[in-house]
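Note sheet for the following structure.
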Amino acid sequence: METRYLRAQKDEALEVFRKQLEKGSVMSGEIQELSKKLNIPTTTLYGWKVELKKKLLREGNLQLETSGFSSKDKFQAVVDTNSMSELEVGEYLRKHGILKEELRFWKESLENAFNGKFPNSDPEISKKLADEKALNKKLERELRYKEKALAETAALLVL
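Residue numbers (our numbering): 57 to 215.
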C-alpha cells in the first residue's frame with residue numbers, strides 16, 4: 057500500500073535537500089531530524105532526495121564534479137567500496153549521501169587518471185585550451201626575442 061503525503065511536506069523536504077546540494081554538504085542526522093519533524097520515514101526521504109539529485113543532474117543544474125565532496129572523500133569512497141558486495145555498497149552510498157552514478161563516475165575518473173587517459177568531454181574546453189596554448193607559445197616567443205634584444209643592448213653598453 058502506497059502512503060500519500062501532503063504536497064507541502066514533500067516541498068519542504070525537497071527544499072531542505074536543494075539547500076544541502078547547493079551548499080555541498082550534508083550534516084549527519086539531518087534526514088533523521090527531518091523525518092521526525094515531518095513524520096515521514098527516512099527511506100521515503102532518501103528516495104525523494106535521490107530523485108531530486110537525479111533530476112538536477114539530468115537538467116544540468118547539478119554537476120557530479122561539484123557535488124560537495126572533496127577529492128579525498130571521493131578517493132576514499134572508491135577505495136572503501138571496491139571490495140564490498142552490492143548490498144554493502146548500497147548501504148555505504150545511502151549512509152554517505154552518494155549516488156551510484158557519482159561513485160561510478162569517480163571510479164572511472166580515478167582509473168583514467170591512473171592510466172593517463174583524460175577524456176575530453178567538452179569541446180568548448182578543448183578549444184579554450186588550444187587557444188591558451190597558442191597564446192602561451194606566442195608570448196614565450198616574444199619573451200625570447202626581447203631577452204635576446206636586451207642581451208645585445210647590454211653587450212653594446214659594456215663596449
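For every residue, glycine included, the Cβ atom is placed at its ideal position computed from N, Cα and C.
Note that the coordinates shown come from a computational prediction; the quantities given were computed from them, not determined experimentally.
Below 9 Å between beta carbons: does that hold for residue 108 and residue 149?
Along the sequence shown, read from residue 1 onward, the residue named residue 108 stands at position 52. Along the sequence shown, read from residue 1 onward, the residue named residue 149 stands at position 93. Taking 9 Å as the Cβ cut-off, residue 108 and residue 149 do not qualify as a contacting pair.
Tell me where the alpha helix (DSSP H) around residue 146 begins and ends.
Position 90 of the sequence shown, counted from the start, is the residue given in the question as residue 146. 142–152 is the extent of the alpha helix (DSSP H) around residue 146.
Quick check on residue 133: buried or exposed, where buried means 16 or more other Cβ atoms within 10 Å of its Cβ?
As a position in the sequence shown, residue 133 is number 77, starting the count at 1. Buried, by the Cβ-count rule.
Supposed contact pair residue 96 and residue 61 - C-beta distance, whole angstroms, cut 8 Å:
Taking the sequence shown and counting its residues from 1, one reaches residue 61 at position 5. Taking the sequence shown and counting its residues from 1, one reaches residue 96 at position 40. Their Cβ separation, rounded to whole angstroms, is 6 Å, which keeps residue 61 and residue 96 in contact under 8 Å.
Anyone know if the C-beta pair for residue 99 and residue 59 falls short of 9 Å?
Translated into the one-based positions of the sequence shown, residue 99 becomes position 43. Translated into the one-based positions of the sequence shown, residue 59 becomes position 3. The answer is no: Cβ separation not under 9 Å.
In terms of alpha-carbon separation, which member of 73, 205, 193, 143 lies closest to residue 112?
Locating residue 112 in the sequence shown gives position 56, counting from the first residue. Among 73, 205, 193, 143, the Cα nearest to that of residue 112 is on 73.
What span of residues does the alpha helix (DSSP H) with residue 216 cover, start to end?
Absent from the model: residue 216. The displayed extent of the chain is 57 to 215, so no value can be given.
For the alpha helix (DSSP H) holding residue 131, just list the boundary residues, first then last.
Position 75 of the sequence shown holds residue 131. Counting along the chain, the alpha helix (DSSP H) containing residue 131 begins and ends at 127–138.
Below 8 Å on the Cβ atoms is my contact criterion, and I expect residue 106 with residue 155 to pass it. Report the Cβ-Cβ distance as a whole number of Å.
On the sequence shown, residue 106 is found 50 positions in, with the first residue counted as 1. On the sequence shown, residue 155 is found 99 positions in, with the first residue counted as 1. That pair is a contact at about 7 Å.
Please classify residue 204 as buried or exposed, where buried requires at least 16 other C-beta atoms within 10 Å of its C-beta.
Here residue 204 corresponds to residue number 148 of the sequence shown, with the count starting at 1. Its Cβ having fewer than 16 others within 10 Å, residue 204 is exposed.
Element boundaries [alpha helix (DSSP H), containing residue 103]
Counted from its first residue, the sequence shown places residue 103 at position 47. Element bounds for residue 103: 98–115.
Judging by CA-CA distance, which residue of 78, 110, 66, 172 is the nearest neighbour of residue 93?
Counted from its first residue, the sequence shown places residue 93 at position 37. Checking every option, the nearest Cα to that of residue 93 belongs to 66.
Mapping DSSP to helix, strand and coil, what is residue 215?
Looking up residue 215 in the sequence shown gives position 159. Residue 215 falls in the coil class under three-state DSSP.
Following the continuous alpha helix (DSSP H) through residue 90, name the residue where it begins and the one where it ends.
Counted from its first residue, the sequence shown places residue 90 at position 34. That run of the alpha helix (DSSP H) goes 86–94.
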